[in-house]
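Here the structure is laid out as structure tokens; the discussion comes afterwards.
Residue numbers (my numbering): 13 to 687.
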């Protein structure tokens, strides 16, 4: 370390203070609800090489502390004071942008003509063009469908704004006024960061500032390694699933193997499914991308909360992400719902780590993050109004010492807040009929999983569209730990203006609505931890009185009898003494849920591995069709009582291969080589 330890601590807190002031300035001056209410924003201080050395903790995106900007910075041979770079395209920014809706800006800071660092800001834009209002649709399969692509571009050169670039961006979105307001807020945040960095250099000197910039990253790395060393060495494997790829009903398998060796940690995604013809892909370039590892950072910070947040925390972590897989896709795959994928990736990582640290890791959270976007005609100015009604989430998983939090899962990735209903109803032509926690959605356990939530609304004007991207856990429940039960599944319902009956509509992609229509969205709950029959009686009673657990669930899942708002101790004692059908429907550490157990009776790890070997052997354009045909063949065999194993898979492929092998594949390879 080049910096005195006391002075380094002062400067690390100063770096954090600068970024938090930037983030609050961005939130306060932001134009859209998703910025000034939800706070889906991010800021950072970045070294000239592209690593983050200063990051906020109290506001904004919490996951991107190890985001790497080296490819963006290298896009230009030189910088001048007053430059601002803008970009949103993953494929031309080295993954520094992860989907098109995130508009990013980066500004160099100079001192006496020397480039000292960069200041960074970003917002999630409500709309950047594309095929649907709000830009993000799970059924998009090419990035061209997801909005305007902005490669790293000089928005400002030496302080002079490039109005042509601004005009081009605003022309390609449905909400130009909103986007222009949020862009100006980002520029304000950059100005604040630039001024505070300059003031800090003036106070401490340029040498001390630059030394501390690098020493802060090294300090966090050293502290993180000490935490990793406390995890028992070994290889810990687990898998989890997205419900389907939208284009088909085939679940998407995410397989991880976490290897701990001393202070080094490797996450290997070998066995994870190939990229899909929908928007659930991530362009990671095989890097230690935040969307692949952020829960590891949160684990380290949970065990040592005072470690400064910067790129150093993830330096001990290495990722193996097969090219062409869903976690390392190839152009031009759609990537708009990388959040949905990233959340499930973290569930798989947490499952693996639960084998190493069962007393530390919680049960699975809801794994649900679905901002509900509402588009309606703008009768005053023409065009559309596009509003994010709510960033819908579910419950967190319970742990060995506490219940899960209700309706707060996934919020850790962005410090996201819900939108006040008064703001929602003032911005959008909807009436919120119910916004509440969902009874019995938290997984039963000695410690209960957090409950999901319910949003029910009535549309007040005709010709509207709702998009609720990222709806998940409609099929596979969030798993419980140590005998705890699974969290409840998610659902969505609709009743037309001429009906009072709510009908299950599955997942919402682009739902056309008119005046009088009612939509009800239910999110999943978190898994429980420990035997539900060991839950304190007063806790069960409190949950029933609070409307979080029903009387039926209290008796069935917890062995607690409640009558007229009070415990019936005699009946409860008898019920618990008599025992009950074990809440955990799978032996051992995990409660996986009946749906997953039934699925994996057919799709064993061996069958899934063989399936992926075939898919990955094919050129990417052919994978989708082969994947669907082979999966359908195995499912058909399973339903008919016929062999549904590796041998059956090989037989199905042998029958199918002539259509996708030989001349067809050869011609494709020639075309790809020529391109």
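For glycine and all other residues, C-beta sits at the position ideal for the given N, C-alpha and C.
So, using beta-carbon positions, are residue i and residue j closer together than 8 Å?
{"i": "residue 561", "j": "residue 415", "result": "no"}
{"i": "residue 540", "j": "residue 456", "result": "yes"}
{"i": "residue 166", "j": "residue 93", "result": "no"}
{"i": "residue 359", "j": "residue 252", "result": "yes"}
{"i": "residue 146", "j": "residue 473", "result": "no"}
{"i": "residue 38", "j": "residue 173", "result": "no"}
{"i": "residue 502", "j": "residue 486", "result": "yes"}
{"i": "residue 436", "j": "residue 401", "result": "yes"}
{"i": "residue 620", "j": "residue 235", "result": "no"}
{"i": "residue 509", "j": "residue 526", "result": "yes"}
{"i": "residue 670", "j": "residue 493", "result": "no"}
{"i": "residue 105", "j": "residue 84", "result": "yes"}
{"i": "residue 140", "j": "residue 182", "result": "no"}
{"i": "residue 164", "j": "residue 97", "result": "yes"}
{"i": "residue 461", "j": "residue 499", "result": "yes"}
{"i": "residue 324", "j": "residue 230", "result": "yes"}
{"i": "residue 286", "j": "residue 627", "result": "yes"}
{"i": "residue 80", "j": "residue 100", "result": "no"}
{"i": "residue 484", "j": "residue 294", "result": "no"}
{"i": "residue 449", "j": "residue 384", "result": "no"}
What's the C-alpha gap between residue i and residue j?
{"i": "residue 203", "j": "residue 35", "result": "12 Å"}
{"i": "residue 13", "j": "residue 20", "result": "9 Å"}
{"i": "residue 635", "j": "residue 31", "result": "44 Å"}
{"i": "residue 40", "j": "residue 582", "result": "57 Å"}
{"i": "residue 260", "j": "residue 518", "result": "14 Å"}
{"i": "residue 665", "j": "residue 629", "result": "12 Å"}
{"i": "residue 523", "j": "residue 157", "result": "18 Å"}
{"i": "residue 296", "j": "residue 82", "result": "14 Å"}
{"i": "residue 159", "j": "residue 137", "result": "11 Å"}
{"i": "residue 16", "j": "residue 421", "result": "40 Å"}
{"i": "residue 257", "j": "residue 394", "result": "35 Å"}
{"i": "residue 355", "j": "residue 72", "result": "17 Å"}
{"i": "residue 613", "j": "residue 392", "result": "57 Å"}
{"i": "residue 405", "j": "residue 586", "result": "38 Å"}
{"i": "residue 459", "j": "residue 544", "result": "7 Å"}
{"i": "residue 241", "j": "residue 430", "result": "37 Å"}
{"i": "residue 407", "j": "residue 580", "result": "29 Å"}
{"i": "residue 103", "j": "residue 221", "result": "33 Å"}
{"i": "residue 303", "j": "residue 107", "result": "10 Å"}
Go ahead and pull the three-state DSSP assignment for residue i.
{"i": "residue 43", "result": "coil"}
{"i": "residue 540", "result": "coil"}
{"i": "residue 545", "result": "helix"}
{"i": "residue 251", "result": "strand"}
{"i": "residue 519", "result": "coil"}
{"i": "residue 262", "result": "coil"}
{"i": "residue 486", "result": "coil"}
{"i": "residue 18", "result": "helix"}
{"i": "residue 151", "result": "coil"}
{"i": "residue 589", "result": "helix"}
{"i": "residue 108", "result": "coil"}
{"i": "residue 243", "result": "coil"}
{"i": "residue 276", "result": "strand"}
{"i": "residue 664", "result": "helix"}
{"i": "residue 116", "result": "strand"}
{"i": "residue 162", "result": "coil"}
Within its chain, find whatever has a CB closer than 8 Å to the CB of residue i; leave out the 5 residues flanking it on each side and keep chain order.
{"i": "residue 282", "result": "267, 269, 332, 334"}
{"i": "residue 49", "result": "429, 431, 432, 435"}
Whose C-beta lies closer than 6 Å to the C-beta of residue i among residues of the same chain, with five residues either side of it excluded?
{"i": "residue 130", "result": "58, 118, 120"}
{"i": "residue 60", "result": "127"}
{"i": "residue 530", "result": "470, 507"}
{"i": "residue 675", "result": "With a pLDDT of 44 at residue 675, under the threshold of 50, the predicted position of this residue should be treated as unreliable, though the coordinate-derived value follows. Nothing meets the Cβ criterion."}
{"i": "residue 596", "result": "Because the pLDDT at residue 596 is just 42, under 50, the model does not fix this residue reliably, and the value given afterwards should be weighed accordingly. Answer for residue 596: 495, 603, listed in chain order."}
Suppose the cutoff is 7 Å on Cβ atoms and the five residues either side in sequence are ignored; what does the same chain contact list for residue i look like?
{"i": "residue 349", "result": "148, 150, 291, 292, 481, 482"}
{"i": "residue 208", "result": "30, 33"}
{"i": "residue 143", "result": "149, 152, 157"}
{"i": "residue 618", "result": "658"}
{"i": "residue 598", "result": "Reliability of the predicted coordinates at residue 598 is poor, the pLDDT of 46 falling under 50, and the value obtained from them is presented with this limitation in mind. Hits under 7 Å: 604, 609."}
{"i": "residue 68", "result": "28, 31, 32, 35, 55"}
I want to see whether chain C comes within less than 8 Å of residue i, judged by CB atoms only; does it?
{"i": "residue 150", "result": "Absent from the structure: chain C. Only one protein chain is present."}
Would you check whether the ligand MN has a heavy atom nearer than 7 Å to the C-beta of residue i?
{"i": "residue 321", "result": "By its list of ligands, the structure shown contains no ligand whatsoever, and the ligand MN lies outside what it can speak to."}
So within the region 57-99, which uninterrupted beta strand (DSSP E) runs reach at least 3 residues, ignoring any that extend past its ends? 64-66, 96-99
What runs of the alpha helix (DSSP H), each 4 residues or longer, lie entirely inside the region 305-368? 350-368
Whole runs of the beta strand (DSSP E) within the region 377-433, excluding any shorter than 3 residues: 381-389, 396-405
Which runs of the beta strand (DSSP E) spanning at least 3 residues fall entirely within the region 436-472, listed in chain order? 442-449, 465-471
Alpha helix (DSSP H) runs wholly inside the region 166-190, at least 4 long, in chain order: 175-183
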